[in-house]
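Visitor: Let me begin by handing over the structure; questions about it come next.
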Amino acid sequence: MASRFNFLFNNLCGTVYRQGNLLYTPDGASLYSAVGNRVACFDLVRSRSFTFPFESRRNIARLALSPDGSILLIIDDEGHLLMANVARRVVIHHLNLKQPVADARFSPDGKWVAFAVGRLVQVWATPALERSFTPFALHKTMGGHGDDVTCLDWSDDSLFLASGSKDMSVRVFSVHKLAGYSPGNLTGHRSTVRAVFFASHAAGRERMLYAVSRDGALSVWKLTERPDVVDAAVEAERAALVAAGGEGRGEDALGRWWELCARHYFEKNHARVTSAAMHTAAQVLVVGFNSGAFSLYELPDCNEIHTLSISEHRVDACAVSPGGEWLAFGCGQLGQLLVWEWQSETYVLKQQGHFFAEVNCLAYSPGGTVIATGGGDSKVKLWSPSSGFCFVTFSEHTAPVTDIAFVPHGRALVSASLDGTVRAYDMLRYRNFQTLVSPTPAQFGCVTVDPSGEIVCAGSRDTLSVYVWNLQTAQLVETLSGHEAPIAALSFGGGGGGNSFLASASWDKSVRVWDFLSSKAAIDVLQHSSDVLAVAFQPGGALLATATLDGRICLWDAKEAEQTGTIDGRADIAAGRSVLSKVTAKNSSGGKCFRSLAFSADGQSIIAGGSSKFVCLYDVTQKVLLRKYAISNNVSLDGVRMQLNSSHLTDAGPVEDLLLDEDSDGQGVPLPRAAVRRSERVTRLAVRAMCVRFSPDGRAWAAASTEGLLIFSLDDALLFDPSGLELETTPAAVAEAVRRREFSRALPMALCLNEAKLIRAVWQQVPPDGVALVAHSLPVPYVERFLQFLGSEMEGSRHLQLLLMWVQQILLHHGRHVKDHPRTYEVSLQTLHKSVRLRYDDLASMCHNNQFDLAFLVDQSRHTAARA
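Residues 24 to 891 in the numbering used here are what the sequence shown lists, from first letter to last.
Rendered as structure tokens:
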């Protein structure tokens with residue numbers, strides 16, 4: 024039973040970039056991006072993405088990756104650091120740097136990692152993957168800047184470190200202690216130094232340093248001879264470097280000095296530089312501007328190669344792949360992430376989440392292969408749960424999208440918006456084929472589709488009516504009135520026997536149930552003690568669940584209009600205090616309520632989310648809480664902290680809510696305390712789940728939250744069933760049975776151990792003519808588990824025909840048992856249906872795209888046969 028609710032975080036969609044820098048993996052095939060307090064990885068070769076399961080305390084400000092790609096450092100905007108093992112996707116150490124970090128860089132040899140902490144530069148020994156008592160060891164702290172350090176870069180020999188600062192200077196530090204060496208101080212810049220880069224010090228090439236300032240200037244510094252140094256002193260210092268392990272490089276630090284040899288200006292209509300990155304081997308510089316454009320330059324002459332406008336807002340981050348062919352850009356205001364191949368001038372990746380607002384609603388397609396979301400940016404987006412990418416965006420709405428629903432057959436999608444329209448989209452051609460409007464202007468807050476797929480209903484917030492349209496003709500069929508407050512939610516349900524009910528929930532503390540097959544009038548009014556915010560019908564039944572403003576979930580029998588039970592969720596959903604809250608944590612449950620409900624596929628449990636960081640899962644029969652899932656632990660959001668610190672409270676309110684001043688660096692910083700009384704307030708995003716939905720197969724659920732589209736799925740790979748487990752049931756015994764070709768004995772043992780590798784090793788060894796015999800002899804308790812395995816195996820296996828043969832034989836020999844226990848096998852059959860439909864769509868698309876080639880080959884074979 025516990026495995027049914029073992030939902031773990033799977034992926035974060037709907038958000039691809041928020042702030043911070045972008046990182047390529049050493050092979051250049053993947054890209055890391057910070058999304059709130061999580062890290063997303065985009066596989067650019069396989070077109071897939073995943074999100075690391077761990078979270079930081081606050082929004083991530085900086086990422087750093089070791090040269091071998093095994094260690095990832097995640098630093099939030101308060102200086103708390105997480106060290107993660109990339110291969111295992113786990114956090115192995117924590118460190119508090121106690122100040123915000125502007126930049127973090129690993130040395131090219133992987134021995135050191137440098138942090139820009141305030142006005143100081145700290146160099147730490149690189150932690151190892153092996154467990155140790157103190158993974159981090161501070162090696163050296165370097166100062167000298169008059170203001171905060173903004174950027175860092177290592178020389179290719181890992182002996183020297185350059186730092187740029189807001190004080191408009193660049194300093195060159197030595198990692199090792201060298202007698203008589205003083206860091207070079209490169210001045211003359213007229214604005215904050217945005218980026219600094221060492222040129223590649225290859226054989227026969229002079230050592231050069233590039234500094235990019237905020238005003239669009241590129242300063243080129245060259246290391247030249249210093250004639251006022253005595254040769255004997257230089258030789259002594261060179262000997263010291265040799266002793267320290269820097270043989271052949273002493274002349275770079277002693278006996279020479281940095282000279283400004285050139286200064287170039289980008290001349291982009293006074294646009295300010297917001298980000299920069301360099302490929303040292305190819306001597307190529309990419310610069311992003313606050314105008315939304317980027318330019319590519321060839322160094323050291325600063326010849327412009329390419330310029331392109333990619334966004335309407337500033338380019339916050341840019342990165343160059345190790346091969347130099349792919350450029351990555353991030354725009355935080357629009358939530359954009361782009362990967363551009365500059366040589367062929369094509370997009371490798373172009374993703375954008377819902378910007379300016381959170382995701383308002385979501386819906387699973389009937390097959391579970393698509394998730395549709397609607398947001399406050401007036402857009403409807405289609406996401407693939409398997410890849411994590413958005414593949415279609417509809418932008419026909421002109422106001423926020425409030426609700427969304429799939430037509431039961433899955434070939435159409437409808438969305439409601441505050442612009443007064445309900446739009447229907449074709450899921451085959453991806454176009455808006457129908458626009459439904461009301462006789463008088465209305466703001467639609469909810470929408471639903473009847474089980475036949477012919478009737479669309481939408482509830483209004485201002486006219487207080489429910490409008491009914493025919494989807495095929497777009498004609499208004501009926502207007503249902505009777506509510507005295509805005510309509511919050513709609514849901515269709517069938518009570519069996521040909522009945523079809525429509526339930527409409529309203530802020531007037533009532534739910535009206537309409538019978539569409541009889542008189543189309545309200546047959547019952549279900550009164551509540553508080554405003555009703557959400558409503559949901561149990562699949563295939565007449566059980567109706569409603570969520571009210573006082574934090575309760577009421578269960579009703581829609582046929583008899585009787586309340587069958589109540590779930591009090593106020594204590595379950597109460598968590599976190601708002602910074603504006605004036606009550607204690609003990610009494611902070613006021614105002615906490617559920618705003619979205621969804622039944623599981625088997626109808627035995629119900630999931631609820633609302634104005635809290637928790638999503639609750641309840642048992643419908645026992646009316647008890649089964650699990651609580653935290654959608655976010657990001658304390659940068661309002662309502663996450665359980666306790667508030669009064670020292671952060673000023674006369675004008677919390678410090679974090681004060682209007683941020685745009686300083687010379689372009690980064691927001693709190694205003695000085697003297698200006699607190701004159702500052703304005705800004706609104707912080709509050710953590711909440713606007714919408715929750717179960718997938719059709721019941722193996723996952725999704726939440727439209729402040730952070731984006733969160734997907735939780737079952738992870739039962741490590742679970743095994745001890746029933747029937749004997750001493751001789753071991754992996755070695757399974758292998759021995761396969762060797763003896765005793766497949767009827769090997770398969771039940773592998774299913775009992777429930778290890779995917781063992782099950783795969785058994786069924787792939789069974790010959791096709793023996794599938795029927797093995798399927799017939801499979802014990803009934805393992806049928807459901809084996810069907811579930813076949814469904815998951817079908818998604819990526821090459822043995823499609825053999826898998827379908829197994830499914831056919833299992834259903835042929837155990838079909839009566841499956842039919843007699845539909846609730847037990849519902850999840851497995853849904854998984855099979857989803858996998859088969861996905862593979863069918865892939866094959867259909869492939870055949871459709873190659874039908875002319877196939878026809879040509881068939882025709883050529885006929886001509887060849889005729890000639891023969």
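Glycine included, each C-beta is placed from N, C-alpha and C at the ideal position.
1) Starting from K163, trace the beta strand (DSSP E) in both directions and tell me its first and last residue.
2) Could you give the residue range of the alpha helix (DSSP H) that holds L835?
3) Buried or exposed: where does V39 fall if 16 or more other Cβ atoms within 10 Å of its Cβ makes it buried?
4) Once the 5 residues before and after T887 are set aside, which same chain residues still bring their CB inside 6 Å of it?
5) Return the chain-ordered list of same chain residues with a C-beta closer than 6 Å to the C-beta of G391, the five sequence neighbours on each side being excluded.
6) Can you tell me whether R910 is helix, strand or coil according to DSSP?
7) Which ranges would you report for the beta strand (DSSP E) in the segment 291-378 if only whole runs of at least 3 residues count?
8) Using DSSP with H/G/I as helix, E/B as strand and the rest coil, what is D180?
9) Using only the alpha-carbon positions, how far apart do P389 and R860 sit?
10) Express the C-alpha separation of I654 and R111 in angstroms, rounding to a whole number.
11) Please confirm whether F129 and V140 have their CB atoms less than 8 Å apart.
12) If you follow the alpha helix (DSSP H) that A889 is in, where does it begin and where does it stop?
13) Report all residues from its chain with a CB closer than 8 Å to the CB of A305; omit the five preceding and five following residues, and keep chain order.
14) Within 10 Å of its beta-carbon, does A87 have 16 or more other beta-carbons around it, so buried, or fewer, so exposed?
15) Counting along the chain, where does the beta strand (DSSP E) carrying I630 start and finish?
16) For my contact list, E816 and L826 are in at a C-beta cut-off of 8 Å; report their separation, rounded to the angstrom.
17) Consult DSSP for Y848 and reduce its assignment to one of helix, strand or coil.
18) How long is the line joining the alpha carbons of D171 and L120, rounded to whole angstroms?
19) Please report the distance separating the alpha-carbon of D547 from that of P562.
20) Whose C-beta lies closer than 6 Å to the C-beta of F220 among residues of the same chain, with five residues either side of it excluded?
21) In angstroms, rounded to a whole number, what distance separates the CA positions of A867 and L770?
22) With a threshold of 8 Å between beta carbons, is F875 in contact with chain C?
23) Per DSSP, what kind of secondary structure is K402 in: helix, strand or coil?
24) Would the segment 486-499 count as touching the segment 450-463 if we require 3 or more Cβ pairs under 8 Å?
25) Which residues share a DSSP beta bridge with G207?
26) Return yes when the Cβ of F289 is within less than 8 Å of the Cβ of G207, no when it is not.
27) Give the straight-line distance between the Cα atoms of N657 and T369, rounded to the nearest whole angstrom.
28) How long is the line joining the alpha carbons of P323 and C284, rounded to whole angstroms?
29) Which residues bound the beta strand (DSSP E) around Q457?
30) If you reduce the DSSP assignment to three classes, tell me which class M231 lands in.
31) Among V415, G468, I833, D554, whose alpha-carbon lies nearest the alpha-carbon of D449?
32) Am I right that V806 and I833 are in contact with their C-beta atoms under 8 Å? What's the rounded C-beta distance?
33) Name the DSSP bridge partner or partners of E282?
34) Alpha carbon to alpha carbon, how far is G102 from R808?
35) Measure the C-alpha to C-alpha separation of G269 and V198 and round it to an integer number of angstroms.
36) Taking 8 Å as the cut-off, decide whether the C-beta atoms of G482 and L513 are in contact.
Guide: Taking the definition as stated:
1) 160-165
2) 823-843
3) buried
4) none
5) S718, P719, D720, K857
6) Lying before the first or after the last residue shown, residue 910 is absent from the chain, which here runs from 24 to 891.
7) 296-302, 307-312, 316-321, 326-332, 340-343, 349-354, 359-364, 369-375
8) coil
9) 11 Å
10) 22 Å
11) no
12) 874-890
13) G347
14) buried
15) 628-633
16) 6 Å
17) helix
18) 15 Å
19) 20 Å
20) D176, Y233, M301
21) 33 Å
22) Checking the listed chains, one finds no chain C in this structure; it contains a single protein chain.
23) coil
24) yes
25) V195
26) no
27) 36 Å
28) 10 Å
29) 454-460
30) strand
31) V415
32) 6 Å
33) K245
34) 47 Å
35) Any reading at G269 is ruled out, since the residue's pLDDT is 37, under 50, leaving its predicted position unreliable.
36) yes
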